[in-house]
Each structure stands twice: as C-alpha cells, then as structure tokens.
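Here is the structure we will look at.
Residue numbers (this note's numbering): 31 to 159.
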C-alpha cells in the first residue's frame, strides 16, 4: 500500500491516513487489490473517492458499442389497493387506461394490487397483494 501511495495516487497529504485506515475504506468500496487503484482522494467530507486503473474500471454499454434505452423514473399509480388519482392524471393517464392494464393482467380491482407503477414510456409494472 505504501508503494501505491508514493506513486502519486494520494492527494492532500493523506498518505499516512490512507496507509493506516485506507485498506478498510478501499475494501468497503470493493477494492481488495490496491494495485487496481490509480488515485485515491480523501474528500473534504471524510469520504474516500477512488479512480481505478483504466483496465480495472467497470465495463460500460459504450465500451461494448451498445445503445440501451434511457431508464426512466417510475410513478406510483396504485399503492396498497388505492388508486393515486393525482399521479395518474400527472402522467396524462385516466381510469380507463388503468382498468385496461389491470384487465390485461387478470386483475378485477385495484384492491388486489399492492403496488403498480408506470414510467413515461408507459411501462407498467405491478405487484399483487
């Protein structure tokens, strides 16, 4: 670990702190092999920020020439059997649309639903009670 801290990977004069406590902080972030860390920075809030060696960073869709759809935040439409009318209208939807979604899933009433959510692409997910 000392060798890695001397390589210039530690900022703000924290090499002693990193060598003393850094092993635990690195392991908490999933870095068990310290040679996979390019830079470790103790932030002003006491957190440790780690920049991994390029060959050790997680693969991204861009690395694989993939173009996945953007994930969207879901809005709750039914919670514990209650239809959340405000959320339904905020999404530009109505009871007719919701009833159709329930019917397609062989559910006769919102009271049978623990949670139902929907995103802006109208991806509808529900969990029965």
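Note that CB positions come from ideal geometry on N, CA and C, so glycine has one too.
Can you tell me where the beta strand (DSSP E) holding residue i begins and where it ends?
{"i": "residue 105", "result": "105-109"}
{"i": "residue 68", "result": "67-72"}
Would you identify the three-state DSSP class for residue i, choosing helix, strand or coil?
{"i": "residue 90", "result": "coil"}
{"i": "residue 114", "result": "coil"}
{"i": "residue 78", "result": "strand"}
{"i": "residue 119", "result": "helix"}
{"i": "residue 96", "result": "coil"}
{"i": "residue 34", "result": "Because residue 34 carries a pLDDT of 45, less than 50, the predicted location of this residue cannot be relied on, and no value is offered for it."}
{"i": "residue 83", "result": "coil"}
{"i": "residue 58", "result": "helix"}
Determine which residues share a DSSP beta bridge with residue i and list them.
{"i": "residue 148", "result": "105, 154"}
{"i": "residue 143", "result": "158"}
Tell me where the alpha helix (DSSP H) around residue i begins and ends.
{"i": "residue 125", "result": "125-134"}
What's the gap between the Cα of residue i and the Cα of residue j?
{"i": "residue 67", "j": "residue 155", "result": "40 Å"}
{"i": "residue 123", "j": "residue 97", "result": "29 Å"}
{"i": "residue 128", "j": "residue 56", "result": "47 Å"}
{"i": "residue 63", "j": "residue 99", "result": "34 Å"}
request  = Evaluate the contact criterion for the stretch 102-115 versus the stretch 147-156: three or more CB pairs, one atom per stretch, below 8 Å.
outcome  = Contact between the stretch 102-115 and the stretch 147-156 is present, with at least three C-beta pairs closer than 8 Å.
inquiry  = Any contact between the stretch 115-124 and the stretch 68-85? By contact I mean 3 or more CB pairs, one from each, below 8 Å.
reply    = No, they do not touch.
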